[in-house]
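Numbering (the numbering used here), first residue to last: 3 to 380. Where is the CB? At the ideal position from N, CA and C, for every residue including glycine. What you are looking at is a predicted structure, and each value in this text was computed from that prediction instead of being measured. Reading through the structure tokens given below for one structure.
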Amino acid sequence: MARLQIDSVSKQFGTDHAVREVSLDIADGEFLVLLGPSGCGKSTLLRMIAGLEEPTSGRILLDGKDITDEAPQRRNLAMVFQSYALYPHLTVAKNIGFPLRARHRSRAEIAQRVGEVAGTLELSALLERRPAALSGGQRQRVALARAMVRDPGAFLMDEPLSNLDAKLRSATRAELIGLHRRLGATFLYVTHDQVEAMTMATRIALLNAGSVEQVGTPEELYDRPRTAFVAGFLGSPPMNLFAADVVSQDGQLRVRADGIDAALGLSAESDEHTPVLAGIRPERLRIDPTASAVRGHVTMVENLGSEELVHVSAGTVELCVRTSRPAGVAVGEDIGLRADPADIHLFDPASGLRLTWQEPDSTSPAVHEVAGSAASVA
Ligand SMILES: Nc1ncnc2c1ncn2[C@@H]1O[C@H](COP(=O)(O)OP(=O)(O)OP(=O)(O)O)[C@@H](O)[C@H]1O
Ligand SMILES: [Mg+2]
Numbered sequence: 003m004a005r006l007q008i009d010s011v012s013k014q015f016g017t018d019h020a021v022r023e024v025s026l027d028i029a030d031g032e033f034l035v036l037l038g039p040s041g042c043g044k045s046t047l048l049r050m051i052a053g054l055e056e057p058t059s060g061r062i063l064l065d066g067k068d069i070t071d072e073a074p075q076r077r078n079l080a081m082v083f084q085s086y087a088l089y090p091h092l093t094v095a096k097n098i099g100f101p102l103r104a105r106h107r108s109r110a111e112i113a114q115r116v117g118e119v120a121g122t123l124e125l126s127a128l129l130e131r132r133p134a135a136l137s138g139g140q141r142q143r144v145a146l147a148r149a150m151v152r153d154p155g156a157f158l159m160d161e162p163l164s165n166l167d168a169k170l171r172s173a174t175r176a177e178l179i180g181l182h183r184r185l186g187a188t189f190l191y192v193t194h195d196q197v198e199a200m201t202m203a204t205r206i207a208l209l210n211a212g213s214v215e216q217v218g219t220p221e222e223l224y225d226r227p228r229t230a231f232v233a234g235f236l237g238s239p240p241m242n243l244f245a246a247d248v249v250s251q252d253g254q255l256r257v258r259a260d261g262i263d264a265a266l267g268l269s270a271e272s273d274e275h276t277p278v279l280a281g282i283r284p285e286r287l288r289i290d291p292t293a294s295a296v297r298g299h300v301t302m303v304e305n306l307g308s309e310e311l312v313h314v315s316a317g318t319v320e321l322c323v324r325t326s327r328p329a330g331v332a333v334g335e336d337i338g339l340r341a342d343p344a345d346i347h348l349f350d351p352a353s354g355l356r357l358t359w360q361e362p363d364s365t366s367p368a369v370h371e372v373a374g375s376a377a378s379v380a
């Protein structure tokens, strides 16, 4: 059992706020990924949970018990670092058994546990080797095995795959997902890699400058980003974001920018003129010669093998379209693009928060629903 509660935790280094008032409730058995750009406070937060760094304020609870001031070795948590930090002079078996030896367990018990964990991680044939004679992925598994040998309630992992090449990363990713299923333990996993987050997490907490921007399932963050930052961080290539206005015309709401005039599929009750930050994902734009929502010309076509990225200049707005190959368009060509109204995201340009339009007589407001005079923050 390991439920982790992070209650308004902050960390200041001098005058720098590395972590600001972060609150997270991580259920037993969850795979929560802390995601965010470099320097946003991921490692600092994880180190505070591990007990390697003291919070400036706030509390950390493990299964309801306040562990904020508990020594690291007394927390039933195992930390796996980016650099594996294996002991080079010890064999794999000794490296894995180290936490048990430090706790003065019997030789027989250590041998049995090391054998079990090595079996789980397919390291049994490598037990007598030293770290220098292992591949990066094997070293990574030894570091994991060393964390597992104590049977901790929760695993804290700080970018454990960042030293691996692309192929090994993807294989180890799959292994970690399997391991999480088998162990049923709580995983708290730090990465700045959105693919790792999207593929492994049961929930993602996206951090920006020390604060949580959004917590939710990968689908929630991708399909319904709470802020423009979340919208722009997830997705490769990222969501197209551009300054626009929501205006009313003939009783209908439209989003307008230079070269763009798209219906939002909502009726307008009164005159509307709201500056917004509009967003649409590259895979949600469709090339259509007859479309009038976006008119522009092709500035570049990138061949990704299975797909193409078509870059389009619509007035002052630059858009990227992700489409199957061949897209059948050439650089310099004038083209039209269309978008489903439900795929257009709107954000407040000042706060970055997601905007919705409420229909006055609607009982079930969905995404930017129908007309209202004023925009409201979702
Ligand atoms: N011991 C320290 N003393 C002073 N500032 C620190 C210390 N540790 C971290 N910081 C600062 O706190 C902020 C958050 O750092 P942190 O290492 O948590 O970021 P991160 O999200 O893990 O970044 P990365 O993805 O690059 O590992 C940074 O601005 C960093 O410079
Ligand atoms: Mg870090």
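Contact annotation: the segment 268-280 does not touch the segment 330-340, with fewer than three C-beta pairs closer than 8 Å. CA-to-CA, the gap between Gly261 and Leu306 works out to about 27 Å. Taking the CA atoms as reference points, Ala120 sits about 11 Å from Ala145. Asp247 and Leu266 have their alpha carbons spaced roughly 12 Å apart. Using a Cβ distance threshold of 8 Å, Ala207 and Val217 count as a contacting pair.
Separation of Gly139 and Ser172 (C-alpha to C-alpha, rounded to the nearest whole angstrom) is 11 Å.
With contacts defined by Cβ atoms closer than 8 Å, Leu6 and Ile28 form a contacting pair. Its chain contains no residue whose beta carbon lies nearer than 6 Å to that of Leu136 once the 5 sequence neighbours on both sides are disregarded.
Contact between Asn242 and Leu321 is confirmed by a C-beta separation of about 5 Å, below the 8 Å threshold. Collapsing the DSSP output to three states places Ala329 in coil.
In its chain, beyond the 5 residues on either side, Gly139 have a beta carbon closer than 6 Å to the beta carbon of Leu170. The criterion of a C-beta distance shorter than 8 Å is not satisfied by Pro154 and Gln84. The beta carbon of Leu48 is closer than 6 Å to those of Leu158, Asp160 and Val192 in its chain, skipping five residues each way along the sequence.
Between the C-alpha atoms of Val21 and Ala211 there is a straight-line separation of about 7 Å. Distances from the CB of Ser25 to the heavy atoms of ligand 2 are all 7 Å or more. Remark: C-beta atoms of Ala95 and Leu54 do not approach each other more closely than 8 Å.
Between Ser308 and the set Ser213, Pro277, Thr325 and Leu236, the nearest pair of CA atoms involves Thr325.
One alpha carbon belongs to Thr318, the other to Gly60, and they sit about 46 Å apart. Note on geometry: alpha-carbon atoms of Trp359 and Pro284 lie some 23 Å from one another. DSSP, reduced to helix, strand and coil, places Ser108 outside both helices and strands of the structure shown, so it counts as coil. Contact annotation, Leu34 with Thr204: C-beta distance approximately 7 Å; criterion of less than 8 Å satisfied.
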